[in-house]
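To start, the structure itself, in structure tokens.
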Amino acid sequence: MSKGFDGVRPASESSIEIGFFYQGRHCVERIRVKPTAANLKRAAERRTAILAAIARGDFDYAAEFPKRTTTAPSAKDEP
Numbered sequence: 000m001s002k003g004f005d006g007v008r009p010a011s012e013s014s015i016e017i018g019f020f021y022q023g024r025h026c027v028e029r030i031r032v033k034p035t036a037a038n039l040k041r042a043a044e045r046r047t048a049i050l051a052a053i054a055r056g057d058f059d060y061a062a063e064f065p066k067r068t069t070t071a072p073s074a075k076d077e078p
């Protein structure tokens with residue numbers, strides 16, 4: 000695709016990756032939807048909402064990505 004969305008890319012034929020920085024770490028989450036133009040746009044809108052929540056200080060990683068299999072970054076992970 001020539002036109003892309005910042006921080007959003009097709010990961011496979013059946014998923015999209017959203018990338019963002021949270022608590023100083025680069026996070027990449029996979030969304031299991033086919034990477035059509037409409038789904039990429041929705042993923043970009045979701046990323047925009049995530050970035051806004053991070054900026055406000057009320058982003059809840061576990062609520063946003065409840066199926067995440069590893070531990071989400073937290074303040075206690077900071078050095």
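Residue numbers for the sequence shown follow numbering that gives the first Met the number 0, beginning at 0 and rising by one. Beta carbons: idealized from backbone N, C-alpha and C, even for Gly.
| said: Measuring alpha carbon to alpha carbon, tell me which residue in L39, E12 and L50 is nearest C26. | reply: The residue you call residue 26 lines up with position 27 of the sequence shown. Cα-wise, what sits closest to C26 is L50.
| task | May I ask which residues mark the beginning and end of the beta strand (DSSP E) holding E28? | result | Residue 28 sits at position 29 when you count from the first residue of the sequence shown. Per DSSP, E28 belongs to the beta strand (DSSP E) from R24 to I30.
| request: Decide if the stretch 30-39 is in contact with the stretch 51-59; the criterion is three or more beta carbon pairs, one per stretch, under 8 Å apart. | output: no
| message | Tell me which residue opens and which closes the beta strand (DSSP E) that E16 is part of. | response | Residue mapping note: residue 16 aligns to position 17 of the sequence shown, counting from 1. Here the beta strand (DSSP E) through E16 covers S14 to Y21.
| field | Whole-Å CB distance - A42 paired with I15, under 8 Å assumed | value | Taking the first residue of the sequence shown as position 1, residue 42 is located at position 43. Taking the first residue of the sequence shown as position 1, residue 15 is located at position 16. Indeed, because the Cβ distance is near 5 Å, the residues count as touching under 8 Å.
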